[in-house]
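If you count the sequence shown from 1, position 91 lands on 91 in the numbering used here, and the numbers rise without skipping.
Where is the CB? At the ideal position from N, CA and C, for every residue including glycine.
In this text, all values refer to a predicted model and were calculated from it rather than measured experimentally.
Data first, discussion second: the structure below is written as structure tokens.
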Amino acid sequence: MKPLETYDGTIERTLFTQQEIADAIERLAHSIAADFAGQPLLLIGVLKGALYVTVDLVRALSTVAGGPSEIHVDYMAVSSYGNENRSSGEVRMLKDTMQNIAGRNVVIVEDIVDNGLTLDYLQGILQQREPKALKSCVLFDKPYNRRVDVHVDYIGLTAPDAFVVGYGLDYQEAYRNLPYLAQLHSWVFSEKTD
Ligand code: IMP
1 MKPLETYDGT IERTLFTQQE IADAIERLAH SIAADFAGQP LLLIGVLKGA LYVTVDLVRA
61 LSTVAGGPSE IHVDYMAVSS YGNENRSSGE VRMLKDTMQN IAGRNVVIVE DIVDNGLTLD
121 YLQGILQQRE PKALKSCVLF DKPYNRRVDV HVDYIGLTAP DAFVVGYGLD YQEAYRNLPY
181 LAQLHSWVFS EKTD
């Protein structure tokens, strides 16, 4: 893996530190635990970005006293951005869940919600499968450019109206490994290629 210093010079500023993100996940875990106290819960992380928050959220949830009776994890993969830093507006399913969700308590875990199309698509697909409860948890919210009025039950932090990277979020597959959320210099988007 590249050392973090490799990205020096392209990062304009840190938006949320590793500690601020950890605190936000702890708050999300407490809210979810309260809503599903004593009940089994299935978390569905949306690959690839939400892999990171899903793992940390599952760990945090497991330590909340009086939380869910059992925690199960599954993943879906969708593509909405391709390799660009703006949405194509088209959401495609790349990988479905491996578990049945009918009759189960389900929380979708997303890294970020921007125009809302991805989460709206996922909610639509999963709702058709008749879960007992379906809620959505998003670590970073960018509420500025919604194209659909999607409902989010649990929001961690509100990010600025910019393309952000780190903590799972990428630009052309780079930067996911940053433990913090960052904004890149605008010149990166015109100069960087695969
Ligand atoms: P939406 O469909 O516009 O709400 O975007 C959801 C998906 O787009 C997320 O799961 C991310 O993969 C990607 N995305 C949206 N905003 C950003 C960003 O600022 N940085 C990196 N990826 C983003």
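Among the options, the one whose alpha carbon lies nearest that of residue i
i	options	result
Leu157	Phe140, Thr54 and Ser62	Phe140
Tyr167	Tyr121, Thr6, Pro160 and Tyr180	Tyr180
Pro68	Asp56, Leu47 and Ala37	Ala37
Lys152	Asn100, Asp8, Val107 and Glu90	First, the residue type needs correcting, since residue 152 is Val and not Lys in the sequence shown. Among Asn100, Asp8, Val107 and Glu90, the Cα nearest to that of Val152 belongs to Val107.
Leu61	Ser186, Leu126 and Ala22	Ala22
Tyr76	Glu70, Leu94 and Leu41	What sits at residue 76 in the sequence shown is Met, not Tyr. Looking at the Cα atoms, Leu94 is the closest of the given residues.
Leu72	Asn105, Val91 and Gly49	Checking the displayed sequence, the identity of residue 72 turns out to be His instead of Leu. Closest by alpha carbon: Asn105.
Phe189	Leu169, Phe163 and Arg176	Phe163
Ser80	Tyr121, Gly45 and Ile44	Tyr121
Gln99	Leu42, Glu90 and Arg147	Leu42
Glu173	Pro160, Val55 and Leu47	Leu47
Ile155	Asp149, Pro143 and Asp161	Pro143
Ala159	Leu15, Glu70 and Tyr7	Leu15
Gln127	Ala102, Arg59 and Cys137	Ala102
Exposure label - residue i; buried when at least 16 CB within 10 Å
i	result
Gly66	exposed
Ala34	exposed
Tyr171	buried
Glu130	exposed
Ala195	A question about residue 195 goes unanswered here, because the residues of the chain that appear run from 1 up to 194.
Lys132	exposed
Glu110	buried
Gly9	exposed
Tyr52	buried
Asp56	buried
Asp114	buried
Gly45	buried
Ser136	buried
Cross-strand partners of residue i (DSSP beta bridge)
i	result
Ala174	Tyr171
Glu70	Pro40
Asp141	Val113 and Thr158
Lys95	Ala77
Ser136	Ile108
Gly224	This structure cannot speak to residue 224, because the chain is shown only from 1 to 194.
Cβ-heavy atom distance, residue i to the ligand IMP, below 7 angstroms
i	result
Thr118	yes
Ile108	no
Ser186	no
Asn115	yes
Phe189	no
Ser62	no
Leu169	yes
Gly49	yes
Ser80	yes
Lys142	yes
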